Each structure stands twice: as C-alpha cells, then as structure tokens.
Amino acid sequence: MIQINDWEVDLSNQSKLCAESGFIRKSNSELKKEYCRIVNRSEKHSVNWEDGNHGMSWSLNPDAMTITMTMSPYRDPIQFVIGPIHEYMHAYQTVYGYSEKAVASNQMGQSLWRGPSWWMEGSATFVSALYCYQNPVLFENIADWWDWEAYSRDLNTHLDNYKGARKTIRQGSTYNDWNLLENENLVHEIIYGGGNVACVFLIQQCKSLQKFMEIFPLIPEMGWEKAFEKNFSMTVEEFYLKFQEFVSSAKVSKEMPSSQESWCGFLKER
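At position 74 of the sequence shown the residue is numbered 825 (our numbering), and the sequence of numbers has no breaks.
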C-alpha cells in the first residue's frame, strides 16, 4: 500500500503497464483507511504517514499474519525492497513461535519463544539487508543500488550509532527495556543497530547465512536460549562477553567501504 502522490514520476505514460499489472489508483484517505482496517488500528494512532512504514502483525483467531507497507519506491527505493523482507523475517520468526507449548501457555509474545528484542529486530534487520546484498536482481528495476559501498556504509552506521549510545544490547532485551530506551530515543541504536551488529558477529562465528538460520526450527521445542546455545556453540552469557570484545575492537569506516580484513569485510563475498 503506497501513498501515490509522493511518487516523483509521471504515471500517465504508464497507464497500459499499470492496467496490465492490476495497479489500482486510490486516494491517500482511502489507502489510510484500508491500512488501518487491515492492521486493526485507529487512524489517529496508526503510523507516521510522512516517513513511510512497514510492519507485520499476527493473530491466533483467526490464524493470520499480515505484512503492510506505506512506502514509495521513489522516495526511498532501498527500503522499498529491504523493508518487506525485514517483515517476512518477522513472519518467519513468528512461525517458529507457534509451538503448541507457546500457544497453550499463552506465551506467544514472551522471550522464551521469540528471543530478546535486540535479536528479533537485529536479525530481521541483518538478514533482510544481507539477503538483498546477495541477490542484486531485486534492484534491477529500482533507481538505486545495494552494492558493497552502500551495504558497508549501512553496517558501519549501525556500529557507529551503537558505540555512540554507550549502552549494551543486554539493555535491549525486554518490553520494559524497549520502553526505557524509547524514553531516551535509543531504540534504533541499541535494539535495531546493536542487534544488527550482534548478528554480524554471530554469522562470523557460524560461517554462513544458512547456518545462522538453522536456529529457528530449534526454538519451538528448546526455547530461544537453548536453541541459541546449540546453534552458535556458546551460551548467551558467553556471547554477550565475546560480543563486547568484538565491538571494542571493531573500527567504524563510513568514508570508505570496509576492507576484507575489517569487522564486517567478510560479508563482501556474495
């Protein structure tokens, strides 16, 4: 769902293409009402319509997951591609929270099944960006490019923001942590940025995205913490200590793309 009046191109010459693709023109007010209906939220408290949003919601009765987006491919083409994959990652995380134990004990939203906040948002941010970098075909019809220069800059921005916040991802674990960080305007720096950097460290340890993703099928029966230990061959406490050492030694490089020897350079090879 897109605010079409934000598009910076003339769509009049594309009428045939739009018709063939089933494209439907709607006013902003219609789009907003439809969006709020789908996500079951009031228009007043829904989203920031100026910046654009993407989100994933779920319900048990009926069983459903919905991914919604209010972004323009012309205002922010990179996020137009990466954003939905971020939300698909949340859908993937949620699927593995639907164990019988979690549903029966009404623990669907608890960290036992979903992991800490930094993991939920960090892994969604990391996997979506890396997947898009590894699949450049996704950007063939987009007016921007997610090459190593762009991806490296994004990774180093997350690292820089996380270091600058002077907090640890351990402080971005629970719902209460999220609220406290929100009061300090540090949710993005710790939960999203710090979580993303943490996943860079984890994939460096396990060597591949495929191995990284193998944690999810383990979660329904083992719970997140035990699944983490089995998949990454270290306890969560051991991880926190090693991760802080990793961050301390990592050097931010935003002016030039990170080299192969840098903290994230191993990701350059597609």
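Think of the CB as a built atom: it goes at the ideal place given N, C-alpha and C, for glycine as much as any other residue.
No experiment lies behind these values; they were computed from the predicted model shown.
CB contact flag (residue i, residue j, <9 Å)
| i | j | result |
| --- | --- | --- |
| SER808 | SER868 | no |
| ALA901 | ILE829 | yes |
| MET816 | ASN804 | no |
| CYS950 | ASN982 | no |
| TYR943 | GLY1016 | no |
| HIS939 | ASN912 | yes |
| PHE963 | ALA978 | no |
| ILE941 | LYS918 | yes |
| TRP897 | ALA880 | yes |
| MET871 | HIS841 | yes |
| GLY945 | ILE920 | yes |
| PHE990 | LEU1018 | no |
| VAL846 | PHE890 | no |
| VAL878 | ILE818 | no |
For residue i, the first and last residue of its enclosing beta strand (DSSP E)
| i | result |
| --- | --- |
| ILE818 | 814-820 |
Residue i - DSSP class collapsed to helix/strand/coil
| i | result |
| --- | --- |
| MET840 | helix |
| GLN961 | helix |
| GLU1006 | coil |
| LEU937 | coil |
| TYR926 | helix |
| PRO824 | coil |
| GLY848 | coil |
| PHE774 | Caution applies to PHE774, whose pLDDT of 48 falls short of 50 and renders its modelled position unreliable; the value that the coordinates give is listed next. Three-state result, PHE774: coil. |
| ALA894 | coil |
| ILE966 | coil |
Assigned exposure category for residue i - 16 Cβ within 10 Å defines buried
| i | result |
| --- | --- |
| ARG865 | buried |
| ALA916 | buried |
| ASN886 | exposed |
| TYR926 | exposed |
| PRO1008 | buried |
| GLU838 | buried |
| LEU768 | Below a pLDDT of 50, predicted positions are generally treated as unreliable, and LEU768, at 48, falls in that range; the measurement from the model is reported next regardless. By the neighbour-count rule (16 or more Cβ atoms within 10 Å), LEU768 is not buried but exposed. |
| LEU992 | exposed |
| VAL888 | exposed |
For residue i, the residue or residues it bridges with in DSSP
| i | result |
| --- | --- |
| MET807 | ILE818 |
Unbroken alpha helix (DSSP H) run spanning residue i, endpoints
| i | result |
| --- | --- |
| CYS1015 | It is not in any alpha helix (DSSP H) - CYS1015 carries neither H nor E in the DSSP assignment. |
| GLU976 | 975-983 |
| VAL987 | 987-1000 |
| GLN885 | 868-885 |
| ASN912 | 899-916 |
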